[in-house]
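Residue numbers (this note's numbering), protein chains in the order written: chain A, 10 to 324; chain B, 7 to 400.
Notes follow the structure.
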C-alpha cells in the first residue's frame, strides 16, 4: 500500500548556508522539525511563526550559529550543553507572562539529552512546561569527535569504545530516553527516524499541537561518526526501521499498555536482517568477525520489543 | 507611606523581589536562602506577586531558566547560596556574556568540604570573575535596597550585566531586624518597566542569541563585558544618588566611618561592618586612631575609592571571610592591585577570619589592631593572617 504523503510546508526556518557536513542527518531533522512546528503553530494559533527554539550545545548548534551568521529564521537561544530543557522552561514561562501565544522547541543531541541533560529534561517534563523536546539521536558525541554516549548502540565503534583484543566496541545496551520521557506520563512521546520523514513530520506536528510537554527521539545518522558515505544517510535511517532495530512508536500520557506502532510488520517478522543495516556502516565493521556480538545486539533489540509489548522475529 | 516591618534578611530579599515585579522567578531551595523562594511562592500563591515561579530541580536549572526567561526579554530573579551558586557557575559566565540583567540574592555561605551551612563569602567571592556585579549588604535593609539598586544598574543600557547581592548567612538571612518597605509606586517609578532592546525571543523579529564566537570575535565579545563593568562604576553612583533622592537612604561604593584622622583603617564587607563600627567607637574612646570602611560594591572593584581610602591610612587592614589559596584573601589581592602604582601607599595587611560561621569577636579585632600597630611601628608582620584560628586542634 502506498504511503499517503502529507503535504510539507514550503516555509523555511533552517536556512541554507549552515556548516553541517554533506549528508548530515541531524541537519535534515532541523529542517523538517521546524517546518512541522510551523504548520502546527499555524493550525493552532493562526501564526506559523509562533515558536522559539532553545538549543543545547552540540553539532547542530555550532554549525548553525557561528557569529555573525545564523541559519535560524526563528527566535533562537543557546545557553549550554546540559540545559536546553531548563532554558526552554524559562522561555516558556516568560512567554506565558508576556501573553505570547506559541510553543517552545528545545533541541538537544543524544549527549545533551541522554547523558548530561537528562536531569534538566526530567525537570522540564515533570513541571509540565509547554515545550517539545526534540532529541536528535546520532548515537555518540559527534560534536567533540566520536565518543560514546549512553545512546550509543551495543557493538558500535567510537573513539572511546574502540573494539580491540578485549573489547567488541560499545559494551552496554542503548539507553532509550523516549521510554524515560514516557515514564513522566506526559501527553506525548514518540520515536522517529529521518528514514521515514513523513512519519517524523507528522509526529513533530502532533508533539507541537498537544498542550503540555512532548518528547520526540529521532534517529539521525552522522556521516563521519557512522562511517557512511554522504549519500547513504537516508538509506541507513530507513534500514534501521526495516530491520526492526529502530522501533517507531508513540506513547500518550505514559500509557505503556496502548503504545501505537508504525511500520510494524503484522506478523512481527522483520524481513530484512540487521546485518543489512550494520554492513553499510564503518562503525560496525568489526562485528562481522564477531557473530556472537551481532547475536547479542539482536537479543537486546528483541528484548526492547518485548518490553514494548511485541514479540518479534529478526532474521 | 513606606511600611516598617520586622523581618529576616531572606524576607527582605523576597520583598525586594516582589517590589521589583520580575515576570519570572526560578529557584531551588538551599540553606540559608530557602526562605527567599518560600516567601516568593507565598506571594505568588496569594496573588500579591504576578510572576511565573518555576520550581526547578536544581540550581543549574534555576539559572538556566533565568537565562531563558531573560533572553525572552523579561525581568528575572533568583536566589541561592554556597553549593547552589557553585552549581550555577558555568551559566553565570553565560548570563554575563549574553548581557542578561538577571538579579540574584545570595545568603553568603561557606563551601564544602567540610560541609558547612554558616556564613562566609567564599561562594560569591569564587564567582568574582564571571562578569556579575557584586553587592554586599550590611543589614536586612541593605539587602532589600541593594536588590532594587541591582536591578536598576543591571538593566541600564550602559551596563546590561547580571548582579548578585550577598547578605550573610544566618547573621542576616535568619535574623529579624526592622526593615522599611518602600511604597510600590516609588519603586515602580525608580525601576520602570524592563523593555530590552537586545534580548527577546520574538517570532515577529527573530534573532539568534548565544551564538558561537570564533577566535575572530570572542575577545571582542569578552571586551564588551569588561567595558560594561567599567561603565557600571559610573552608573552605580548615579543610581545611588537617585536611590537617595527617592528613598532617603545613602549608599557608597565604600562607606567610611571615622577614617579622616585614622592611622589604621579596617576595611571589610557585609554584616561585619556593623561590628567594626562599634569596635571603632570603643577604640576611639581609648584614644586609638582607627577607622572603619565597608565595601558595598565588590564588582566592579572600587579602585578609585580604595585609593582615596588608602591615602588616609598608614595601615589598611583588610578583614575578609574568604580565601584564595596560594595568595591570600581576594579583597586583599584586589586592593593590592588598586594600590600597586600609587606613589604613597599604606601598609596593606590581610586578615582571614570568620570562615564557616566562626564568630568574629572584639578580641579578634584587638589582635588585628595589635598586628597593625606593630606594622605601623616598622616591625615585620605577616601579610596574610588567620585570625581566631584554633591552633590547638590542628
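For every residue, glycine included, the Cβ atom is placed at its ideal position computed from N, Cα and C.
Query	Result
Contacts that residue 131 of chain A makes with chain B (C-beta to C-beta distance below 9 Å)	63
Residues near residue 402 of chain B by beta carbon distance below 6 Å, same chain, minus five either side	A question about residue 402 of chain B goes unanswered here, because the residues of chain B that appear run from 7 up to 400.
Where residue 113 of chain A falls, given that 16 or more other Cβ within 10 Å makes a residue buried	buried
Cutoff 8 Å; reference residue 26 of chain A; Cβ partners in own chain excluding five residues on either side	78, 80
Residue of A:87, A:40, A:148 minimising C-alpha distance to residue 63 of chain A	A:87
Residue-chain proximity (residue 111 of chain A, chain B), Cβ-Cβ < 8 Å	yes
For residue 150 of chain A, the three-state DSSP class (helix, strand or coil)	strand
Classification of residue 346 of chain B by the beta-carbon crowding that lies within 10 angstroms, buried from 16 upward	exposed
Neighbourhood of residue 168 of chain A by C-beta distance below 6 Å, restricted to the same chain and skipping five residues each side	154, 155, 156
Beta-carbon proximity check, residue 32 of chain A vs residue 206 of chain A, cutoff 8 Å	no
Within chain B, partners of residue 98 of chain A - CB distance below 9 Å	32, 60, 62, 67, 70, 71, 74, 75
Between the CA atoms of residue 56 of chain B and residue 145 of chain A - distance to the nearest angstrom	36 Å
Which of helix, strand or coil DSSP assigns to residue 194 of chain A	coil
Interface positions of the stretch 121-152 of chain A facing chain B (Cβ-Cβ less than 9 Å), listed along the chain	128, 129, 131, 132, 133, 135, 136, 138
Residues bridged to residue 391 of chain B [DSSP beta-bridge criterion]	B:357
Cβ-based burial, residue 340 of chain B [other Cβ within 10 Å; buried from 16]	buried
Cα-Cα separation between residue 213 of chain A and residue 9 of chain B, rounded to whole angstroms	53 Å
C-beta atoms of residue 353 of chain B and residue 320 of chain B nearer than 8 Å	yes
Unbroken stretches of the beta strand (DSSP E), 3 residues or longer, contained in the stretch 39-98 of chain B	58-61, 82-86
Sheet register partners of residue 167 of chain A (DSSP bridge)	A:170
Member of B:26, B:170, B:122, B:92 whose CA lies at the smallest distance from the CA of residue 362 of chain B	B:122
Per-residue burial, residue 293 of chain B [other beta carbons within 10 Å of its own, 16 or more giving buried]	exposed
Within chain A, partners of residue 214 of chain B - CB distance below 7 Å	74, 79, 81, 85
Residue range of the alpha helix (DSSP H) that includes residue 169 of chain B	First-last for residue 169 of chain B: 169-174, but that is the beta strand (DSSP E), not the alpha helix (DSSP H).
Beta-carbon proximity list for residue 279 of chain A, same chain, < 8 Å, skipping 5 on both sides	251, 252, 253, 321, 322, 323, 324
Neighbour flag for residue 258 of chain B against chain A, beta carbons, 8 Å	no
Cβ-based burial, residue 167 of chain B [other Cβ within 10 Å; buried from 16]	buried
Beta carbon of residue 102 of chain A nearer than 8 Å to that of residue 115 of chain A	no
Chain B contact residues for residue 2 of chain A, given Cβ-Cβ distances below 7 Å	Because chain A in this structure spans residues 10 to 324, residue 2 of chain A falls outside the shown range and cannot be described.
Residue 43 of chain B and residue 75 of chain B closer than 8 Å at C-beta	no
CB contact below 8 Å: residue 228 of chain A versus chain B	no
Residue-level contact to chain B via CB, residue 95 of chain A, 8 Å cutoff	yes
7 Å Cβ cut-off: residues of chain B touching residue 104 of chain A	78
Contact list for the stretch 96-108 of chain B against chain A, Cβ threshold 7 Å	96, 97, 100
Segments of 3+ residues assigned as beta strand (DSSP E) that fall wholly inside the stretch 51-126 of chain A	60-64, 85-87, 112-118
Alpha-carbon to alpha-carbon, residue 44 of chain A and residue 16 of chain A	11 Å
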